[in-house]
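Novice: What follows is a single structure, and I will ask about it in a moment.
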């Protein structure tokens, strides 16, 4: 039986357009060479740069190609002389652990019970260090719950305090409007493989030239205008651009389609398991994500049981779902450790179908009943 893949927030299967673009670029030359083969490789990269910049509403030279979101975060989250970093409590590990600010210059901003940034707490944090420039690191969309963060409102507060906003747009891009004009962010980053492009490519993008990195994080041959050393991965960048163009072109229709499927799945989960908890249910969420818990059933056991039944889903972020500790995102929302240990995440994408949703609910009923029987014996 064909497997059901419901883990798009971990990585999306490669889109056909991305695959075609990569195959065409695999034989490209070194983009730093001046001969015809090198110029052809350079043309692929610059075409991709135009695609990214056009989607985000900036100049092409404000796009820096990197290996992915982790490198982008480490490049962007470096302190200036008087900077203070504020981090949303639900940020991805690449932001939580990837910055280079001294501990005394870092503060956390609370989430509310639905998983949104607490704007009142942000106001309080901004008032704590009036002599420092605040730098807020905030996701567009949480990777575990799908909750849409109040990015524009937060940016207004930070800008009024003389600060800047660095946005992890990895889960938001191609699902909600993420152009700088819509978000109010000053710097943002996106990742190829979350869009259906290849792993190993991403972009760090800045609204103004003065927000560009002051020095290369990876030093070498001076590629990417001296801001990121190393021979460019032409095929991955080409695939990234192909996935981005395809995803962004279908954004509104795809978001509506996946929201209908997500709502169908949510209703089905509650019908099968009335005791289930839906995380972020009252908050704005992107259409592709459903985070829920089946109280009393261990998430790691459920994930394994679904895998045996040909369903791929997760118990949270792919970077932490293999760990025993419950999700820090759910903890920041006030979810009890016991309930958090039962949390599952369904995330949908371009290949997800209604038929898969129907089949998943049939499997859910079977898995839940089997596990509940085992607990009674």
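Residue numbers (the numbering used here): 1 to 377.
Even glycine gets a Cβ: it sits at the ideal position worked out from N, Cα and C.
(1) Could you check the C-alpha separation between residue 362 and residue 1 for me, to the nearest Å?
(2) Buried or exposed: which applies to residue 307, given that a residue is buried once 16 or more other Cβ atoms fall within 10 Å of its Cβ?
(3) Among the candidates 232, 9 and 209, whose CA atom is the shortest distance from the CA of residue 67?
(4) Nearest CA to the CA of residue 120: which residue from 39, 109 and 203?
(5) How far does the beta strand (DSSP E) with residue 108 in it extend, from its first residue to its last?
(6) Whole angstroms is fine: what's the gap from residue 192's alpha carbon to residue 116's?
(7) With the cut-off set at 8 Å, would you say residue 12 and residue 28 are in Cβ contact?
(8) What's the C-alpha gap between residue 261 and residue 64?
(9) Please give the ranges of any beta strand (DSSP E) in the stretch 177-231, keeping only runs that are unbroken, at least 3 residues long and fully inside the region.
(10) For residue 56 and residue 190, what's the separation of their Cα atoms in angstroms?
(11) Give, in chain order, every unbroken run of the alpha helix (DSSP H) that is at least 4 residues long and sits entirely within the stretch 268-336.
(12) Measuring alpha carbon to alpha carbon, tell me which residue in 364, 333 and 82 is nearest residue 113.
(13) What's the call for residue 321, buried or exposed, on a 16-neighbour Cβ count within 10 Å?
(14) Taking the straight line between their C-alpha atoms, what separation do you get for residue 345 and residue 272?
(15) If I follow the unbroken beta strand (DSSP E) through residue 80, where does it start and stop?
(16) Per DSSP, what kind of secondary structure is residue 60 in: helix, strand or coil?
(17) If we ignore side chains and look at the alpha-carbon of each, how far apart do residue 8 and residue 74 end up?
(18) Determine the burial state of residue 357: buried for a count of at least 16 other Cβ atoms within 10 Å of its Cβ, exposed for fewer.
(19) Ignoring anything shorter than 4 residues, give me the alpha helix (DSSP H) runs that lie fully in the stretch 18-45, in order along the chain.
(20) Please work out which residues of its chain come closer than 7 Å, Cβ to Cβ, to residue 31, disregarding the five sequence neighbours upstream and downstream, and give them in chain order.
(21) Looking at the structure shown, is residue 162 part of a helix, part of a strand, or coil, going by DSSP?
(22) Note down the Cα distance separating residue 72 from residue 300, rounded to an integer number of angstroms.
(23) Indicate the three-state DSSP secondary structure (helix, strand or coil) for residue 120 in the structure shown.
(24) On the DSSP letters alone, give me the boundaries of the beta strand (DSSP E) that residue 367 sits inside.
(25) Please report the straight-line C-alpha distance between residue 347 and residue 131, rounded to a whole angstrom.
(26) Rounded to whole angstroms, how far is the Cβ of residue 141 from the Cβ of residue 166, which I believe are closer than 8 Å?
(27) Using three-state DSSP, classify residue 53 as helix, strand or coil.
(28) Going by C-alpha distance, which of 164, 22, 152 and 238 is nearest residue 176?
(29) Any idea if residue 34 is buried or exposed, counting beta-carbon neighbours within 10 angstroms, 16 or more meaning buried?
(30) Report the partner residues of residue 65 according to the DSSP bridge assignment.
(31) Using the Cβ count rule (16 or more neighbours within 10 Å means buried), how would you classify residue 168?
(32) Checking 8 Å against the spacing of the C-beta atoms, do residue 86 and residue 50 come in under that value?
(33) When the Cα atoms are used, what is the spatial distance from residue 386 to residue 374?
(34) Name the two residues that bound the continuous beta strand (DSSP E) containing residue 135.
(35) Kindly give me the distance between the Cβ atoms of residue 174 and residue 128, rounded to whole angstroms, as I take these residues to be in contact under 8 Å.
Specialist: Answer, in terms of the structure:
(1) 14 Å
(2) Residue environment for residue 307: exposed (fewer than 16 other C-beta atoms within 10 angstroms of its C-beta).
(3) 232
(4) Distances from the CA of residue 120 to each of 39, 109 and 203 were compared; the closest alpha carbon is that of 109.
(5) 106-109
(6) 25 Å
(7) no
(8) 35 Å
(9) 187-191 and 202-206
(10) 11 Å
(11) 299-308 and 328-332
(12) 333
(13) With a pLDDT of only 47 at residue 321, under 50, the local geometry of the prediction cannot be trusted, and the value read off the model is given with reservation. Residue 321 should be labelled buried.
(14) 17 Å
(15) Where residue 80 is concerned, there is no enclosing beta strand (DSSP E), given that its DSSP letter is neither H nor E.
(16) Secondary structure at residue 60: helix, using DSSP grouped into helix, strand and coil.
(17) Going by the C-alpha atoms only, they are around 24 Å apart.
(18) The residue is buried, with at least 16 neighbouring Cβ atoms inside 10 Å.
(19) none
(20) These residues qualify, in order along the chain: 38, 41, 42, 45, 232 and 234.
(21) coil
(22) Across the structure, residue 72 and residue 300 are spaced so that their CA atoms are roughly 30 Å apart.
(23) Looking at residue 120 - three-state DSSP - the assignment turns out to be helix.
(24) Not the beta strand (DSSP E): residue 367 falls in the alpha helix (DSSP H), residues 354-376.
(25) For residue 347 and residue 131, the distance between alpha carbons rounds to 42 Å.
(26) Not really, about 15 Å apart at Cβ, beyond 8 Å.
(27) helix
(28) 152
(29) exposed
(30) Partner(s): 203.
(31) buried
(32) no
(33) There is simply no residue 386 to check, as the chain begins at 1 and stops at 377 in what is shown.
(34) 133-139
(35) Contact doesn't hold; Cβ gap of about 36 Å is too wide.
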